[in-house]
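Numbering (this note's numbering), first residue to last: 5 to 952.
Here a beta-carbon is modelled for each residue, glycine too, at the ideal position from N, C-alpha and C.
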């Protein structure tokens, strides 16, 4: 008798590729097609369980109930500490494994981290990214994904997916907007954010973004094949974003049918379709129809399924007895709690300090902790449910003593009165409950509470309920009842005091007071309805009551009263991550909400010893606070230990060493447009911004001081070795973040003013000295040469700048890089791709076809210009051809830089944007010249070619 032989896919001694192929061969076509949906059904005959892609894990296991909550991703970026972030990733992946042991809804294919660069601080999802800089983002992403993956050579603890491919920085029209990304920005900025983590081997795949890039939806991106899959031999798994496959037809109108769209996405490299919830039947039907129509064949399906099977194999699904992570039980451990506190401490950035901080607990100072976030531990959309929490007030009381700390929230205390009476919150004995505490695969589906009585109006002769009004900016308000529940609207339309916090995919807890006649209408932001009084309770309706606002006490008055009686005032402001800047909603301004601005001014007027702490997901423009207050700090929402961490920094138990991961601008006028992705042309981020920021990239102060000396740089083969000596010259043991920047001297094309090429967070005792060495690849000094379509390091001099921030430079060293002198554009041999311009005005990049390639068109079909520098026409060109399409007549005109006419090509309507024609004109030009191309009308220019 022969012993039973398991199928090859369950044989751990075989290579992963052979195992995946064996399993693929055992699946029927229907079973393979079904696996293309996010929720792949079980295959009972092969003893395969169902498999769900996607588990949010940005800064802790999210959406699935209680878990350890670490600082927001932008706070982890502010730590500038890869070792810390790796340990956070390890903890998150361990908790995911431990939670899955009790709830198989928890997935191990985690959708994290987000590596989109924080190009513009108005982006609503800035809290999810690490930095505006590609090098820092890459370093933090590599650390986090290595932690998520684990160190075992074969089995991964979790399988991380990077979000969101590619060039995605706006929520405004996010599923229909096309980012115009020139080749230099693509290669020097956006692609770099993804590449290092992929090459490090700790990434299972990527998720395409909702938007389009250069006219083509990211779910059809040719760069998935041309770039991403060329960086590694690993079978990377591409998971669509939720609903994005349907968007290709429904909102983007890129295809006429879902069968065409599904086929195109599959052929572009999308392997898993997150669409239409947990029901995969529609996706299955679309794939089957695409197959029947000949738009795809079975091999295309097999390619995608193989990539999923590879992920399942590395997660140990088929080797439960060998999987070293199968028995992990680390959940809410003391080590994880300590790590959450350490991460929160390292994320605090001291922006300004005129000697107010640190506070000495031994002197027993009387401290007033005030402001709308003083007693809050805010969560965001991608947080887990708090098991434990510490607010700033909690932390300061614990550190300095309850009897030494007073508190004022600073909300306006009001009553809302209408003709029917004043609004009244009825008493209720219904139990409290945190929304989402039970966990949900899709928390967007969580409904508001209806087990509480709706608001009514107070009986005649009695006062209405006193409500706490908080203004979060732009007139967006929340209203909270005395029992700490926020006014909210459930599906039945009634207004109740029912929410523990504002939140949810659609926030039901925000309102706006709109002037109307002698009073105000109270608009409910989510529904657009107005608060009205009906016989069965207060509800939202098309028409609302006219309310008068009875102010019981202004928040400024409360704050001033408490501040005047204190030795020191800590004002804690910032944002609620669910309001005015979040997924689906960009910010409209950098300004601090007016209400919070009034609070810090009231506190300072009552007590000059006032510090402002901004706990926020993004930067603010607070130039007057930075000038008038003696101390200013920023921290991202710091997770469960935020309050304890802040108090320890205030007390000097920890010297702050967080550093800004993005530029803090002084005003909205300093920003380029949110939808302008050309960081070079519009001078964005610290790389190109030549104004004076409020606080620069990399900025952060310490309670100690550090000296930088003896900067040296030498070229060794393919790298530059840079060294600097850092000394703690202060009296306090502290961390310092040494930063190394580089810049090209005498560059022939616009290059960064300075660019981060290395950093090191170190701890030094007073008087301690450390010599730091950085090995910078010569390739890191390069740029994308549009003239030749390649990465290039020009010969010449490069300066290395060492210091404490991008502007606080303490020492420099210069090296010369030798190499071949740059050649002009070989236009006679290679022509000019329109997208390879050096400069442009009034144009945008669009798709040459629905599959690949770029073209350039004037914005709104009007007039635009392209500039091509250093074009070599040799002995001369006699003709030029333009590959161009037009939806209506237009023209292409070529001139020299001084305006000398060269050629004019009239472009007739070609029958559609993808119907290209090759049009010829005579030209007389020789030598090396700068060329200007003017485009007029709704045309798409793909390329110019020249012949002698």
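Suppose you measure from the CA of residue 43 to the CA of residue 104; what does that come to, to the nearest Å?
In the chain shown, residue 43 corresponds to position 39, counting from 1. In the chain shown, residue 104 corresponds to position 100, counting from 1. Counting only the Cα atoms, residue 104 lies some 16 Å from residue 43.
From residue 52 to residue 46, what distance separates their C-alpha atoms?
By 1-based counting over the chain shown, the position of residue 52 is 48. By 1-based counting over the chain shown, the position of residue 46 is 42. Cα to Cα, residue 52 sits roughly 5 Å from residue 46.
Put residue 103 into one of helix, strand or coil per three-state DSSP.
Sequence index remark: in the chain shown, residue 103 carries index 99 (1-based). Three-state result, residue 103: helix.
8 Å Cβ cutoff met for residue 474 and residue 426:
Along the chain shown, one-based indexing puts residue 474 at 470. Along the chain shown, one-based indexing puts residue 426 at 422. No; because the gap between Cβ atoms is not below 8 Å, this pair is not in contact.
Which residue's Cα is closest to the Cα of residue 542: 827, 527, 556?
In the chain shown, counting from the first residue as 1, residue 542 sits at position 538. That would be 527, whose Cα lies nearest to the Cα of residue 542.
Below 8 Å on the Cβ atoms is my contact criterion, and I expect residue 63 with residue 120 to pass it. Report the Cβ-Cβ distance as a whole number of Å.
Here the question's residue 63 lines up with position 59 in the chain shown. Here the question's residue 120 lines up with position 116 in the chain shown. Actually they are not in contact, since the Cβ atoms of residue 63 and residue 120 sit about 15 Å apart, beyond 8 Å.
Taking the Cβ atom as the reference point for each residue, do residue 640 and residue 78 lie within a distance shorter than 8 Å?
Within the chain shown, the letter at position 636 stands for residue 640. Within the chain shown, the letter at position 74 stands for residue 78. Going by C-beta atoms, residue 640 is nearer than 8 Å to residue 78.
Would you call the CB atoms of residue 395 and residue 413 closer than 8 Å?
Taking the chain shown and counting its residues from 1, the one referred to as residue 395 is at position 391. Taking the chain shown and counting its residues from 1, the one referred to as residue 413 is at position 409. No, Cβ-Cβ distance for residue 395 and residue 413 is not below 8 Å.
I need the boundaries of the beta strand (DSSP E) containing residue 519, first residue and last residue.
What you label residue 519 is simply residue 515 of the chain shown in a count that begins at 1. Element bounds for residue 519: 515-520.
Which residues DSSP lists as bridging residue 59, in chain order:
Sequence index remark: in the chain shown, residue 59 carries index 55 (1-based). Note: residue 59 sits in a beta bridge opposite 114.
Between which two residues does the beta strand (DSSP E) containing residue 815 stretch?
Walking along the chain shown from the start, residue 815 turns up at place 811. Its beta strand (DSSP E) spans residues 813-821.
Below 7 Å CB to CB, which residues in the same chain sit around residue 811 once its five sequence neighbours on both sides are set aside?
Translated into positions along the chain shown, residue 811 becomes position 807. Answer for residue 811: 700, listed in chain order.
For residue 531, tell me which candidate among 521, 520, 111, 513 has the shortest Cα-Cα distance.
For the purposes of this step, residue 531 is taken as residue 527 along the chain shown, with counting starting at 1. Selected option, being the one with the closest Cα: 513.
Indicate whether residue 518 and residue 537 have their beta-carbon atoms separated by less than 8 Å.
Translated into the one-based positions of the chain shown, residue 518 becomes position 514. Translated into the one-based positions of the chain shown, residue 537 becomes position 533. Going by C-beta atoms, residue 518 is not nearer than 8 Å to residue 537.
Please list the terminal residues of the continuous beta strand (DSSP E) segment that includes residue 732.
Residue mapping note: residue 732 aligns to position 728 of the chain shown, counting from 1. Start and end: 723-732.
Considering just the uninterrupted stretch of the beta strand (DSSP E) at residue 22, what are its terminal residues?
What you label residue 22 is simply residue 18 of the chain shown in a count that begins at 1. Note, residue 22: premise wrong, no beta strand (DSSP E); alpha helix (DSSP H) at 20-30.
Jot down the residue ranges of each uninterrupted alpha helix (DSSP H) in the stretch 655-714, minimum 4 residues, whole runs only, in chain order.
Here the runs fully enclosed are 689-692.
Euclidean distance between Cα positions of residue 662 and residue 351:
For the purposes of this step, residue 662 is taken as residue 658 along the chain shown, with counting starting at 1. For the purposes of this step, residue 351 is taken as residue 347 along the chain shown, with counting starting at 1. Rounded to the nearest whole angstrom, the C-alpha separation of residue 662 and residue 351 is 5 Å.
Of the choices 801, 504, 498, 627, whose alpha-carbon is the least far from that of residue 696?
Within the chain shown, the letter at position 692 stands for residue 696. Residue 627 is the option with its Cα nearest to residue 696.
Quick check on the burial criterion: 16 or more other C-beta atoms within 10 angstroms. Buried or exposed for residue 862?
The residue you call residue 862 lines up with position 858 of the chain shown. By the 10 Å Cβ count, residue 862 comes out buried.
DSSP state of residue 753 mapped onto helix, strand, coil
Here residue 753 corresponds to residue number 749 of the chain shown, with the count starting at 1. Here residue 753 sits in coil by DSSP.
Considering only DSSP beta bridges, list what residue 618 is partnered with.
Here residue 618 refers to the residue found at position 614 of the chain shown. Note: residue 618 sits in a beta bridge opposite 577, 638.
Any chance the stretch 236-251 sits against the stretch 302-315, with 3 or more Cβ pairs inside 8 Å?
By the Cβ rule, the stretch 236-251 counts as touching the stretch 302-315, because three or more pairs are nearer than 8 Å.
Kindly indicate which residue of 433, 923, 269 has the alpha-carbon position closest to the one of residue 889.
Stepping through the chain shown from its first residue, residue 889 is reached at position 885. The residue with the shortest Cα to Cα distance from residue 889 is 923.
In whole angstroms, give me the CA-to-CA distance for residue 1 and residue 162.
Beyond the ends of the chain as shown, which are 5 and 952, falls residue 1; an answer cannot be given.
How about the stretch 600-618 and the stretch 118-135: do they share at least three Cβ pairs that are nearer than 8 Å?
no
Sequence-distant residues of the same chain with beta carbon closer than 7 Å to residue 213, five excluded per side
Within the chain shown, numbered from 1, the residue matching residue 213 stands at position 209. Same-chain partners within the cutoff: 168, 169, 170, 172, 222, 245.
I want to know whether the stretch 367-381 touches the stretch 486-495 - three or more CB-CB distances under 8 Å.
no
Reference residue 905; option with closest CA among 82, 452, 919, 934
Within the chain shown, the letter at position 901 stands for residue 905. Residue 934 is the option with its Cα nearest to residue 905.
How is residue 187 classed by DSSP in three states: helix, strand or coil?
The residue given as residue 187 occupies position 183 in the chain shown. Reduced to three states, the DSSP call for residue 187 is helix.
Residue 385 to residue 215, Cα distance in whole Å?
Taking the first residue of the chain shown as position 1, residue 385 is located at position 381. Taking the first residue of the chain shown as position 1, residue 215 is located at position 211. If you take the alpha carbons of residue 385 and residue 215, they lie about 20 Å apart.
Buried or exposed: where does residue 258 fall if 16 or more other Cβ atoms within 10 Å of its Cβ makes it buried?
As a first step, residue 258 is located in the chain shown; it is residue number 254 there, counting from the start. Here residue 258 is buried. Its C-beta has 16 or more other C-beta atoms within 10 Å.
Segment limits, alpha helix (DSSP H) that includes residue 911
Within the chain shown, the letter at position 907 stands for residue 911. From DSSP, residue 911 is part of no alpha helix (DSSP H) but of the beta strand (DSSP E) over 905-911.
7 Å CB neighbourhood of residue 515 in its chain, flanking five on each side removed
Locating residue 515 in the chain shown gives position 511, counting from the first residue. Excluding sequence neighbours, residue 515 sits near 481, 483, 526, 527, 528, 529.
Taking the alpha-carbon of residue 804 as reference, which of 303, 725, 837 has the nearest alpha-carbon?
Position 800 of the chain shown, counted from the first residue, corresponds to residue 804. Nearest of 303, 725, 837 to residue 804, Cα basis: 725.
Taking residue 294 as the reference, give the member of 899, 263, 842, 785 with the closest Cα.
Locating residue 294 in the chain shown gives position 290, where the first residue counts as 1. Checked all of 899, 263, 842, 785; the closest Cα to residue 294 is 263.
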